[in-house]
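Quick notes on the structure that follows.
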Amino acid sequence: MDATLSRQQIDALDWDKQDGLLPAVVQDAANLRVLMLGYMDRAALDATLASGHVTFFSRSKLRLWTKGESSGHFLDLVSIETDCDRDTLLVRAVPHGPTCHLGRDSCFPSAPGDGLAFLAELDALVETRERERPAGSYTTGLFERGVRVIAQKVGEEGVETALAAVAQDEAALAGEAADLLFHLQVLLRARGLSLADAVAVLQQRHGKPHRGFAPAE
19 MDATLSRQQI
29 DALDWDKQDG
39 LLPAVVQDAA
49 NLRVLMLGYM
59 DRAALDATLA
69 SGHVTFFSRS
79 KLRLWTKGES
89 SGHFLDLVSI
99 ETDCDRDTLL
109 VRAVPHGPTC
119 HLGRDSCFPS
129 APGDGLAFLA
139 ELDALVETRE
149 RERPAGSYTT
159 GLFERGVRVI
169 AQKVGEEGVE
179 TALAAVAQDE
189 AALAGEAADL
199 LFHLQVLLRA
209 RGLSLADAVA
219 VLQQRHGKPH
229 RGFAPAE
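If you want it as structure tokens, here you go:
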């Protein structure tokens with residue numbers, strides 16, 4: 019876990035405000051997409067911290083309920099923090115399968131699957147391709163040919179992007195830029211990095227904390 023709550027912080031939460039229950043907003047730790055809203059009492063929070071699986075108090079079943087206990091779609095805890103009023107929890111977790119009981123990734127269908135979220139998903143896919151090397155995959159072929167070939171491809175895509183910027187229309191430029199971004203992600207992964215590491219450098223330069231992606235281990 020990246021961050022958690024101390025016993026002192028837990029005791030300082032405003033448990034009396036809503037009859038011992040605190041709303042807990044759950045985000046995907048990889049892309050910060052909102053996945054669901056649940057409620058935790060002290061026992062649920064303690065169980066979450068102890069087990070590493072996000073656990074709620076079910077107001078319908080009147081008992082503790084670990085997300086995924088029936089489906090296997092657990093939410094692995096990454097961090098928990100509280101808001102300024104100490105009456106709401108923000109939980110970041112790694113989902114194992116759909117979070118919504120309707121089979122969706124999120125209980126909020128229109129929750130942003132924005133550009134940042136998609137880049138994180140693509141980065142995770144590139145990492146999977148590098149690890150599993152499925153036969154017939156274009157990305158697998160790049161990894162198997164090595165860093166030099168991937169770097170050459172990034173250079174080619176960079177030149178094509180620059181040429182499109184001065185000689186082609188906006189659609190062509192966007193297409194070349196997309197190719198460049200993808201191959202850059204592959205190159206970073208081939209060197210044991212991810213797009214998150216580059217983003218972290220940018221945020222450090224601008225004095226902002228790094229959020230949104232999980233850096234390469």
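Numbering (this note's numbering), first residue to last: 19 to 235. The beta carbon of each residue, even a glycine, is placed where N, CA and C say it ideally should be. Because the structure is a prediction, the values reported are computed rather than measured.
In three-state DSSP terms, what is residue i?
| i | result |
| --- | --- |
| THR22 | coil |
| ASP123 | coil |
| ARG223 | helix |
| HIS201 | helix |
| ASP64 | helix |
| SER76 | strand |
| GLY193 | helix |
| ARG163 | helix |
| GLU99 | strand |
| LEU140 | helix |
| THR84 | strand |
| ASP32 | coil |
| LEU181 | helix |
| LEU55 | strand |
| GLN45 | strand |
| ASP215 | helix |
| LEU206 | helix |
| ALA169 | helix |
| ALA135 | helix |
| ARG151 | coil |
Since residue i contacts residue j with CB under 8 Å, what's their CB separation in whole angstroms?
| i | j | result |
| --- | --- | --- |
| ASP94 | HIS114 | 7 Å |
| LEU67 | THR100 | Contact doesn't hold; Cβ gap of about 13 Å is too wide. |
| LEU253 | ARG104 | As displayed, the chain neither begins before 19 nor continues past 235, which places residue 253 out of reach and without an answer. |
| THR52 | SER97 | Residue 52 is actually Val in this sequence, not Thr. Wrong, their Cβ atoms sit about 15 Å apart, outside the cutoff. |
| MET54 | LEU107 | In fact, because the Cβ distance is near 12 Å, the residues do not count as touching under 8 Å. |
Taking the beta carbon of residue i as the centre, do at least 16 other beta carbons fall within 10 Å, making it buried, or is it exposed?
| i | result |
| --- | --- |
| ARG223 | exposed |
| ALA138 | buried |
| LEU198 | buried |
| ASP46 | buried |
| ALA65 | buried |
| SER89 | exposed |
| SER249 | Because residue 249 is not part of the residues shown, which for the chain are 19 to 235, the question remains open. |
| LEU40 | buried |
| GLU174 | exposed |
| VAL219 | exposed |
| LYS85 | buried |
| GLY154 | exposed |
| ALA48 | buried |
| ALA135 | buried |
| GLY56 | buried |
| ALA180 | exposed |
| ALA196 | exposed |
| ALA214 | buried |
Verify whether the separation of the beta carbon atoms of residue i and residue j is less than 7 Å.
| i | j | result |
| --- | --- | --- |
| GLU162 | GLU178 | no |
| LEU160 | VAL204 | yes |
| ARG110 | PRO116 | no |
| ALA185 | LEU191 | no |
| VAL165 | ALA208 | yes |
| PHE74 | ALA62 | yes |
| VAL172 | LEU206 | no |
| THR158 | ARG151 | yes |
Comparing the C-beta of residue i with each C-beta of chain C, is any distance below 7 Å?
| i | result |
| --- | --- |
| THR146 | No chain C appears in this structure, which consists of one protein chain only. |
Segment contact, 8 Å Cβ cut-off, at least three pairs: the stretch 70-90 with the stretch 140-148: Cβ pair count under 8 Å is below three, so no.
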